[in-house]
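Peer 1: Provided herewith is a single structure, encoded as structure tokens, for subsequent inquiry.
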Amino acid sequence: MFSVDRKDFGPGFTFGVATAAYQIEGGQDDGRGASIWDSFSSTPGNVHNGDTGAVACNHYELWPQDLDLIRDGGFDGYRFSFSWPRLIPEGTGAINPAGVDFYDRLIDGMLARGIKPYATLYHWDLPSALQDKGGWMNRDIAGWFADYAALVAQKFGDRLQATATINEPWCVAFLSHYLGIHAPGYRDVRAAARAMHHVLFAHGTAIDALRANGAKNLGIVLNLEKAEAASDNPEDLAAMNMGDAVFNRWYLGGILKGQYPEDVTTWLGDNLPRDYQRDMEVVSRPLDWLGINYYTRGIYRASTDGSRPFEQIKGDLEKTDMGWEIYPKGLSDLLVRVSNEYTKIPLYVTENGMAEVEGDDDPRRVHYYDDHLKAVLSARAQGADVRGYFAWSLLDNYEWAEGYNKRFGIVHVDYETQQRTPKASYRAFQGMLHNTR
Ligand code: IFM
């Protein structure tokens, strides 16, 4: 059981669960095009155990029972993502009618159960045909993405509670083009610099396209980490400042102030697209809400060989199976910081949760959620306008480079039988939310 109560959050606060298309859907034979995660995951060495999302949780067929779980848990909303290559197999041009039908059924299924659809346009499964043209490194992606956004608004917009453009642009740009850990797996500063700008430029063109086609309640979802320094010495403090700039301030500053942090533009220099400044008005289009995904803090120190602007070290707090420190205070600190320094638009915690391989009894996860829900209450008490909280994730699912080895679900999935079994954490939410929807 949780120690917090639904009433503590006041009327109108939204509780939900989150997932993403490639991580749960499977269902690759309906005319869906290839995505960068299909080829990346089937290349040896990229993903734990060579796991791919080909079947995943087979949500493509089992969605009715998954939506029943959301309804029976008492959740108000379901945060899901559209698969771009399922809707437009080549990324641009012809539409896949079976893909449109699938999302029609899914959204209508939510509405029939009283669940509000919170959609994300892009949660990392870029159509391979667009990667062939440079993907996020190519400025043209702003147009391709806007056309895709317009299609989503036309087909589904009137039934969506809210729409986010991009999930976690830091991962799309830096993790995938500088650190090489996610598809397409580049380790190249120029590739990263281009992706860092284009992903936000495309976010802005998509906001315009969504609005022009009548979609309402628009936002973006950022993954933020509380940045801390390994020590008080000036080199470590400078490293922390740079880490914070690359991870947090690039996205917050660009989107909410129309300005990138100078320390990062100086570092990236000519690797940035020429005249990127002319796009900043589009990058910073007004939003209706901001989503924040929170998992842990980052501890920074000066790079030992001086080759990089910062290094991260492991802290000594209790960790999840991802090796991420459990640090609820970081969530309240971030929410308050965003509210004080960046924006007064409504904030949503669009993801929060922990990986742990346990059976159906997951007391550590129950505790984790309880502590983070208390952190949300603390942020609200300090003036942050937090309107909702989405648990990551409804189901155990495909954890990208970690494959099926890491389990984030509040519902256990047996990948052999596709049997779903609610864990204690699901029951804790159900106990708190029961009969309140
Ligand atoms: O599984 C991911 C999700 O796709 C994006 N946010 C972080 C989660 C846990 O790593």
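The sequence shown: position 421 = 420 (numbering that gives the first Met the number 0), numbered continuously.
In this text, a Cβ means the ideal position worked out from N, Cα and C, and glycines have one as well.
Given the structure is predicted, the values throughout are model-derived calculations rather than measurements.
Between which residues of its own chain and residue 116 is the CB-CB distance below 6 angstroms, once the five residues before and five after are set aside?
Peer 2: The residue labelled residue 116 in the question sits at position 117 within the sequence shown. The residues are 106, 109, 159 and 160.
Peer 1: Of the choices 15, 156 and 98, whose alpha-carbon is the least far from that of residue 27?
Peer 2: Walking along the sequence shown from the start, residue 27 turns up at place 28. Minimum Cα distance to residue 27 is reached at 98.
Peer 1: Quick one: does the C-beta of residue 122 sit closer than 7 angstroms to a heavy atom of ligand 1?
Peer 2: Indexing the sequence shown from 1 puts residue 122 at position 123. Checking every heavy atom of ligand 1 against the Cβ of residue 122, one is found closer than 7 angstroms.
Peer 1: Among 145, 85 and 123, which has the Cα closest to the Cα of residue 95?
Peer 2: Indexing the sequence shown from 1 puts residue 95 at position 96. A check of alpha carbon separations from residue 95 across 145, 85 and 123 identifies 85 as the nearest.
Peer 1: Is the CB-CB distance between residue 330 and residue 5 below 8 angstroms?
Peer 2: Within the sequence shown, the letter at position 331 stands for residue 330. Within the sequence shown, the letter at position 6 stands for residue 5. Contact: no.
Peer 1: Report the rounded CA-to-CA distance for residue 168 versus residue 308, giving the unit in angstroms.
Peer 2: Counted from its first residue, the sequence shown places residue 168 at position 169. Counted from its first residue, the sequence shown places residue 308 at position 309. Rounded to the nearest angstrom, the two C-alpha atoms are 20 angstroms apart.
Peer 1: Which one or two residues does DSSP pair with residue 420 in a beta bridge?
Peer 2: Within the sequence shown, numbered from 1, the residue matching residue 420 stands at position 421. Bridge partners of residue 420: 411.
Peer 1: Alpha carbon to alpha carbon, how far is residue 235 from residue 424? Give it in angstroms, no decimals.
Peer 2: Within the sequence shown, residue 424 is the residue found at index 425, counting from 1. Within the sequence shown, residue 235 is the residue found at index 236, counting from 1. C-alpha separation (whole angstroms): 38 angstroms.
Peer 1: Which same chain residues end up closer than 6 angstroms to residue 267 when comparing Cβ atoms and leaving out the 5 residues on each side of it in sequence?
Peer 2: Taking the first residue of the sequence shown as position 1, residue 267 is located at position 268. Same-chain partners within the cutoff: 192.
Peer 1: Can you tell me the Cβ-Cβ gap for residue 402 and residue 47, rounded? I've got them flagged as a contact below 8 angstroms.
Peer 2: Position 403 of the sequence shown holds residue 402. Position 48 of the sequence shown holds residue 47. Sure, about 4 angstroms apart at Cβ, within 8 angstroms.
Peer 1: What would DSSP say about residue 34, mapped onto helix, strand or coil?
Peer 2: Residue numbering aside, residue 34 sits at position 35 when the sequence shown is read from its first letter. Three-state DSSP puts residue 34 in a strand.
Peer 1: Within this structure, are the beta carbons of residue 56 and residue 412 separated by less than 8 angstroms?
Peer 2: Within the sequence shown, the letter at position 57 stands for residue 56. Within the sequence shown, the letter at position 413 stands for residue 412. Cβ distance < 8 angstroms, so residue 56 and residue 412 count as in contact.
Peer 1: Nearest to residue 44 by CA position, among 155, 69 and 182, is which residue?
Peer 2: Translated into the one-based positions of the sequence shown, residue 44 becomes position 45. Out of 155, 69 and 182, 182 has the C-alpha closest to the C-alpha of residue 44.
Peer 1: Beta-carbon separation of residue 190 and residue 164 under 8 angstroms?
Peer 2: Residue 190 sits at position 191 when you count from the first residue of the sequence shown. Residue 164 sits at position 165 when you count from the first residue of the sequence shown. No, they are not a contact pair.
Peer 1: Figure out for me which residue from 162, 217, 349 and 82 has the closest Cα to the Cα of residue 35.
Peer 2: Here the question's residue 35 lines up with position 36 in the sequence shown. With distances taken between Cα atoms, residue 35 lies closest to 82.
Peer 1: Does DSSP put residue 299 in a helix, in a strand, or in coil?
Peer 2: For the purposes of this step, residue 299 is identified with residue 300 of the sequence shown, where counting begins at 1. Residue state, collapsed to three classes: strand.
Peer 1: Please report the residue range of the alpha helix (DSSP H) in which residue 130 lies.
Peer 2: Mapped onto the sequence shown, residue 130 falls at position 131. Note, residue 130: alpha helix (DSSP H), 127-130.
Peer 1: Report whether the distance from the Cβ of residue 45 to the nearest heavy atom of ligand 1 is below 7 angstroms.
Peer 2: The count along the sequence shown starts at 1 and reaches residue 45 at position 46. Checking the Cβ of residue 45 against ligand 1 gives no.
Peer 1: Can you tell me the Cα-Cα spacing of residue 247 and residue 196, whole angstroms?
Peer 2: Numbered from 1 along the sequence shown, position 248 holds the residue referred to as residue 247. Numbered from 1 along the sequence shown, position 197 holds the residue referred to as residue 196. Going from the Cα of residue 247 to the Cα of residue 196 covers about 14 angstroms.
Peer 1: Relative to ligand 1, is the shortest distance from any of its heavy atoms to the C-beta of residue 350 smaller than 7 angstroms?
Peer 2: Within the sequence shown, numbered from 1, the residue matching residue 350 stands at position 351. Checking every heavy atom of ligand 1 against the Cβ of residue 350, one is found closer than 7 angstroms.
Peer 1: Bridge partners for residue 80 per DSSP, in chain order?
Peer 2: Locating residue 80 in the sequence shown gives position 81, where the first residue counts as 1. Bridge partners of residue 80: 119.
Peer 1: Could you say which of 389, 422 and 414 lies nearest to residue 14 if we only look at CA atoms?
Peer 2: As a working mapping, residue 14 is identified with position 15 in the sequence shown. Out of 389, 422 and 414, 389 has the C-alpha closest to the C-alpha of residue 14.
Peer 1: Using a Cβ-Cβ cutoff of less than 8 angstroms, which residues in the same chain neighbour residue 241 once the five nearest sequence positions on both sides are dropped?
Peer 2: Mapped onto the sequence shown, residue 241 falls at position 242. Closer than 8 angstroms at the Cβ level, and outside the excluded window around residue 241, lie 262, 263, 266, 299, 308 and 309.
Peer 1: Skipping 5 residues on each side, what residues in its chain have a beta carbon closer than 8 angstroms to that of residue 260?
Peer 2: The residue you call residue 260 lines up with position 261 of the sequence shown. Answer for residue 260: 244, 248, 249 and 252, listed in chain order.
Peer 1: Can you grab the Cα-Cα spacing for the pair residue 227 / residue 200, in whole Å?
Peer 2: Position 228 of the sequence shown, counting from 1, holds the residue named residue 227. Position 201 of the sequence shown, counting from 1, holds the residue named residue 200. Their Cα atoms are separated by approximately 29 angstroms.
Peer 1: Who are the Cβ neighbours of residue 437 in its own chain at under 8 angstroms, not counting the five residues just before and after it?
Peer 2: In the structure displayed, the chain extends from 0 to 436; residue 437 sits before or after that span and is not available.
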